[in-house]
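The next block holds one structure in the form of structure tokens; read it before the comments.
In full-length UniProt numbering, the protein residues as written are 1 to 1046.
What follows is the structure in structure tokens.
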């Protein structure tokens, strides 16, 4: 096949051009994102039970739903939060790659099955099923700088005029609202006026339901109609009311004696207010509304950001006076900066590879052939990526950077061997044919080995599998295409362009060649000495194995490195029961500290919301410190460094626990960058016992050196001040009171009640009843709340029971159906996340009572799951590599010669990681797998030639020495091309630098040490194993029978 292309260079060139054109077209079709779809799909079930406590919501809403949802197909785990604001939120995480639409349909079906078990009010307000998407693209901030537009109007303008147009943009998965104050017709009841007029809260509820209704009045003249009816006309009637004045005119009752009507306005204040006042958002101290635009899977992040910006520019032209917008946070800044850095790295690597190739080949004619292989292979790879459904992301681009040093390897081997044949006096065409006959086998062998290494990667499940797949398969695809080019395009171009050059005229090249020839001869002589001392070198190899194992145990490990994503966040936790007003005051102090930091651009604050439990919580808040672009920040202003500086100042705020966190390396894998640990109550011992067990666990965990005591905390607490209303049911019945009326009165006055709906601005909003603020400010206000008995007497609730001060949880959390407490934490300085995980498990084994257990969740769950898989993948990669080599050589012993180079590469990789103070993470694990093929590739070049010389009758040691000497130049050329090609990765800085440094350091150190030691050890391994193999073969042959003499 190779000779076919040698004789038809135009045919080979046309194939290459077709591949490049197809790749160029695919480039414009590929989606762009920071990462592929690697996060577990999530479905959120949300419900609301206004006025109910967290425990009541858990018992009556969350638990019935969880019982039905448990075990839904594809589920990994399930968590829930029930809050004192009456909200219930259940999050079901599914296996990576599971169809989110099917998951949503399955969840919806199970929610429908649970509906009969839920309170009527919960079904009335609705149970929603939401496809959760963690991929934030941009955060659009809407504000009124001159304060001329109030916060509620601002929020509803965004809801009515901005939300829907943004949702319709291509690539938008969802839009979430922060600081939403959606309109509601708020009927603020005055209990004193109502009591004096003999009106109860239930009366108001019933009358509004009666008078605010949707009416279908019918038609006049509708068929069948009398003959000759000329018209058919619709009749309309005002059923639903639409403004506060109309609601105020509602008649509650008429005095039978005076015939005076009591209107709703007589006992209440009615306004177009907000449905909820429990949380708020501010940006740099100004009240704001934020629309978080989430990216749909498979879409282009950069295109989406541009579309949102263009649409907002269009919409802003119609903004009322005093309203403006800005992009508060744009994740594409990180994506763009990271990808720009990767592209820069790509160019730097290309230039370094060109330099190395030119230095060795010393001719532009010879250099251009392997250089052509780079764009042809990389651009053609884009076509296969498109067909496989890949995207242009950090992982695939990293794969391309590493592939630069690989895709030239085979072309270098071809060109170098053709030039050697030309030096022997062969004409170009014949020299190319002879050279290809020698190198076709090694090229196929090295390609098979590298591809075999990546075969197990395709079967890895979960997040780790997705991380491995797009990176490893990108490298494998590009290398396979480069191998095809080296058997088609490279020999064709070599036959056309290469000529015998003679000795180079440039003095530096003559010096280089003289030095290299001296080194080659010295190397060949050294190999002879090494072979004589083979057993000493085998002992050294044993020491290298021991050092490799020791380093692997010494170096800390983690799942993903911490990336500078251009922001960090701060969690605020005030004492239990603290009001939103107190939380806002602490948030203001924290914001002032954050804004004073040199690298901070802006600070967004959400008050009354727990970022860790995703629940409204009056004593909680979260702040996002958005940093200046990477190129505008100076030394010591990375996200982690600024976070640490902030933490040192925030810890001094006495009113609250204020902690700064790195964001998770991948959005959607947990709320923070540390670990997430769920303590579970297996036997239902209650919230108090769960709290005690969790606090005992934390107390012991804070003593462990592997754990950072300042980051260890839980949001779960049972000491939130609450009141319990102890109703005397017997007394209530004796007074002729209806028990449901009593409980409804409490709910309406102290909580709130969704009565029905009204229409405004073409939308539907809720009518909500609640007591005025002054009527529910203290426990004594219960004496102002009345119910009516069967005899018509007004009875105060204070006579039927008393409010008793108690304590209880602000939120009730479940994990996999068990009552649970979430514990957050992080590893101490100098320790890895894996060591922190081991420490927590060790503590849990001794500190938790028998009836309690624990489970990992979020990114830690994925880390533990990936840890065992990484070892399996590495083992399988070696097995596949061994089998391919066994097929290639038709030998069980020869593959060992090649694979014994792998531990040397691992030693170099681990040594480089250790010297740079890095940790073993997913990226370095990918590098380990890659090094199997890279180390084997160099060994194959020596073994293949030594084997051929041995078959020609050359003595074993001489064959090994000659092969090592002849292959020294291509080995060093390809090795230096690859090693220098990854130097920009190893020295990366800016956005996404941590991942590039991790994999760059791994493969740089591995290839550097492997190249040096492989040149020494592989000939020795060949001599030893080939000697044993031949000796065993001779012994296993049956002795020939001696014929008797005649």
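Using N, Cα and C, we set each Cβ at its ideal position, and we do this for glycine too.
Own chain residues within Cβ distance below 7 Å of residue 719, not counting five before or after: To locate residue 719, count along the chain shown from 1; it is residue 719. Answer for residue 719: 576 and 807, listed in chain order.
When you compare the CB positions of residue 641 and residue 285, do they come within less than 8 Å of one another, or not? Within the chain shown, residue 641 is the residue found at index 641, counting from 1. Within the chain shown, residue 285 is the residue found at index 285, counting from 1. Taking 8 Å as the Cβ cut-off, residue 641 and residue 285 do not qualify as a contacting pair.
Would you please state the rounded distance, in angstroms, between the beta carbons of residue 812 and residue 55? I believe it to be under 8 Å. Taking the chain shown and counting its residues from 1, the one referred to as residue 812 is at position 812. Taking the chain shown and counting its residues from 1, the one referred to as residue 55 is at position 55. Confirmed, Cβ separation roughly 6 Å.
At 3 residues or longer, and completely inside the stretch 14-91: list those beta strand (DSSP E) runs for me, N to C. 42-48 and 75-83
Output yes or no for whether 8 Å exceeds the beta carbon distance between residue 334 and residue 565. Within the chain shown, residue 334 is the residue found at index 334, counting from 1. Within the chain shown, residue 565 is the residue found at index 565, counting from 1. Yes, Cβ-Cβ distance for residue 334 and residue 565 is below 8 Å.
Identified DSSP bridge partners for residue 695: Start at 1 with the first residue of the chain shown, and residue 695 comes out as number 695. Residue 695 is not bridged to any residue.
Classify residue 436: buried if its beta carbon has 16 or more other beta carbons within 10 angstroms, exposed otherwise. To locate residue 436, count along the chain shown from 1; it is residue 436. Buried.
Where does residue 515 fall in DSSP's three states? Position 515 of the chain shown holds residue 515. Three-state result, residue 515: helix.
For residue 70 and residue 85, what's the separation of their Cα atoms in angstroms? Mapped onto the chain shown, residue 70 falls at position 70. Mapped onto the chain shown, residue 85 falls at position 85. Cα-Cα distance, rounded: 25 Å.
Three-state class that DSSP yields for residue 326 in the structure shown: For this step, residue 326 is matched to residue 326 along the chain shown. In the structure shown, residue 326 sits in a strand (DSSP, three-state: E or B).
Which residues in the same chain as residue 633 place their Cβ atom closer than 6 Å to its Cβ, once the five residues preceding and following it in sequence are excluded? Counting from 1 along the chain shown, the entry for residue 633 is found at position 633. The residues are 599.
Looking at residue 250: is its Cβ nearer than 8 Å to the Cβ of residue 207? Here residue 250 is taken as the residue at index 250 of the chain shown, counted from 1. Here residue 207 is taken as the residue at index 207 of the chain shown, counted from 1. The answer is yes: Cβ separation under 8 Å.
Where does residue 798 sit, in a helix, a strand or coil, going by DSSP? Counting from 1 along the chain shown, the entry for residue 798 is found at position 798. Three-state result, residue 798: helix.
State the DSSP-derived secondary structure class of residue 405, mapped to helix, strand or coil. As a working mapping, residue 405 is identified with position 405 in the chain shown. Helix.
In chain order, what residues of the same chain lie with their CB nearer than 8 Å to the CB of residue 789, ignoring the 5 residues before and after it? Position 789 of the chain shown, counted from the first residue, corresponds to residue 789. Closer than 8 Å at the Cβ level, and outside the excluded window around residue 789, lie 735, 736, 737 and 795.
Leaving aside the five residues before and after residue 741 along the sequence, list all residues of the same chain whose C-beta is less than 6 Å from its C-beta, in chain order. Translated into the one-based positions of the chain shown, residue 741 becomes position 741. Correct list, in chain order: 202 and 787.
Name the DSSP bridge partner or partners of residue 287? Sequence index remark: in the chain shown, residue 287 carries index 287 (1-based). 282.
Beta-carbon gap between residue 127 and residue 38 smaller than 8 Å: Locating residue 127 in the chain shown gives position 127, where the first residue counts as 1. Locating residue 38 in the chain shown gives position 38, where the first residue counts as 1. Not a contact, by the Cβ cut-off of 8 Å.
Own chain partners of residue 1074 with C-beta closer than 6 Å, once the 5 adjacent residues on each side are dropped: Nothing about residue 1074 can be read from this structure; the chain reaches only from 1 to 1046.
How close, in whole Å, do the beta carbons of residue 268 and residue 188 come, if the pair is a contact with beta carbons under 8 Å? Position 268 of the chain shown, counted from the first residue, corresponds to residue 268. Position 188 of the chain shown, counted from the first residue, corresponds to residue 188. Contact holds; Cβ gap of about 6 Å.
Using the C-alpha atoms, what's the distance from residue 825 back to residue 675? In the chain shown, counting from the first residue as 1, residue 675 sits at position 675. In the chain shown, counting from the first residue as 1, residue 825 sits at position 825. Going by the C-alpha atoms only, they are around 5 Å apart.
Give the single residue among 686, 302 and 424 whose Cα lies nearest to the Cα of residue 136. What you label residue 136 is simply residue 136 of the chain shown in a count that begins at 1. Among 686, 302 and 424, the Cα nearest to that of residue 136 is on 302.
If you count every other CB in all the chains shown that lies within 10 Å of the CB of residue 1057, and 16 or more means buried, which is it? In the structure displayed, the chain extends from 1 to 1046; residue 1057 sits before or after that span and is not available.
Pick helix, strand or coil for residue 649, following the three-state DSSP scheme. Residue mapping note: residue 649 aligns to position 649 of the chain shown, counting from 1. Reduced to three states, the DSSP call for residue 649 is helix.
Alpha-carbon to alpha-carbon, residue 131 and residue 42: Walking along the chain shown from the start, residue 42 turns up at place 42. Walking along the chain shown from the start, residue 131 turns up at place 131. Roughly 6 Å separates the two Cα atoms.
Using a 10 Å radius around the Cβ and a threshold of 16 neighbouring Cβ atoms, would you call residue 770 buried or exposed? As a working note, residue 770 is residue 770 in the chain shown. Flag for residue 770 reads buried.
Spatial neighbours of residue 1046 in its chain, beta-carbon cut-off 8 Å, leaving aside the 5 residues before and after: Counting from one through the chain shown, the residue named residue 1046 turns up at place 1046. Below a pLDDT of 50, predicted positions are generally treated as unreliable, and residue 1046, at 41, falls in that range; the measurement from the model is reported next regardless. Closer than 8 Å at the Cβ level, and outside the excluded window around residue 1046, lies no residue.
What residue from 370, 946, 750 and 986 has the CA that sits closest to residue 411's CA? Taking the first residue of the chain shown as 1, we reach residue 411 at position 411. With distances taken between Cα atoms, residue 411 lies closest to 370.
Please classify residue 1042: does DSSP put it in a helix, a strand, or coil? Here residue 1042 refers to the residue found at position 1042 when the chain shown is read from its first residue. Bear in mind that the predicted position of residue 1042 carries a pLDDT of just 46, short of 50, making it too unreliable to give a figure here.
Give the straight-line distance between the Cα atoms of residue 954 and residue 837, rounded to the nearest whole angstrom. Walking along the chain shown from the start, residue 954 turns up at place 954. Walking along the chain shown from the start, residue 837 turns up at place 837. Approximately 57 Å, taken between the alpha carbons.
Rounding to the nearest angstrom, what Cα-Cα distance links residue 273 and residue 154 in this structure? One-based indexing of the chain shown puts residue 273 at position 273. One-based indexing of the chain shown puts residue 154 at position 154. Their Cα atoms are separated by approximately 12 Å.
Applying the 10 Å Cβ sphere with the 16-neighbour rule, what's the burial state of residue 236? For the purposes of this step, residue 236 is taken as residue 236 along the chain shown, with counting starting at 1. Exposed: under 16 other Cβ atoms inside 10 Å.
Residue range of the unbroken alpha helix (DSSP H) whose run includes residue 447: Numbered from 1 along the chain shown, position 447 holds the residue referred to as residue 447. From DSSP, the alpha helix (DSSP H) with residue 447 extends over 428-454.
Please say whether residue 891 and residue 1096 have beta carbons closer to each other than 8 Å? With the chain covering only 1 through 1046, there is no way to say anything about residue 1096.
Would you decide whether residue 300 is buried or exposed? Buried here means 16 or more other CB atoms lie within 10 Å of its CB. Taking the first residue of the chain shown as 1, we reach residue 300 at position 300. By the neighbour-count rule (16 or more Cβ atoms within 10 Å), residue 300 is buried.
Residue of 19, 468, 123 and 290 minimising C-alpha distance to residue 874: As a first step, residue 874 must be located in the chain shown, where it is residue number 874. Minimum Cα distance to residue 874 is reached at 468.
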